[in-house]
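Residue numbers (the numbering used here): 49 to 132.
See below for the structure under consideration.
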């Protein structure tokens, strides 16, 4: 599979209630354009989880993919760390 130009994100699963879908929250920090202060940014992605392997609290790596549904544009590549 060609992964040379696919976006990759690491985030925490915040919902796994849907079948084969998880909601992943990715946290980042951006500089404010005018004031220069670092501002925390959270973004939520719906990702395809074929084996229903990821659960709430797990840290996962998601990869950009073709549109799988109205909201799903990402796929879970691996579970980086399990929730305690």
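We put the beta carbon where it would ideally sit given N, CA and C, even for glycine.
Quick caveat: nothing in here was measured; it's all calculated off a predicted structure.
By alpha-carbon positions, which one of 103, 85, 54 ends up nearest to residue 63? 103
Since I believe residue 96 is in contact with residue 68 (beta carbons under 8 Å), could you give me their beta-carbon distance rounded to a whole number of angstroms? 6 Å
Output needed for residue 112: all residues of its chain with C-beta closer than 7 Å, excluding positions within five of it in sequence on either side, in chain order. 54, 55, 121, 122
Go ahead and pull the three-state DSSP assignment for residue 63. strand
Taking the beta strand (DSSP E) that residue 77 belongs to, which residues open and close that run? 69 to 79
Which whole-angstrom value describes the C-beta separation of residue 107 and residue 60, a residue pair presumed to lie in contact below a C-beta threshold of 8 Å? 6 Å
My understanding is that residue 70 touches residue 124, with C-beta atoms under 8 Å, so please give their C-beta distance in whole angstroms. 6 Å
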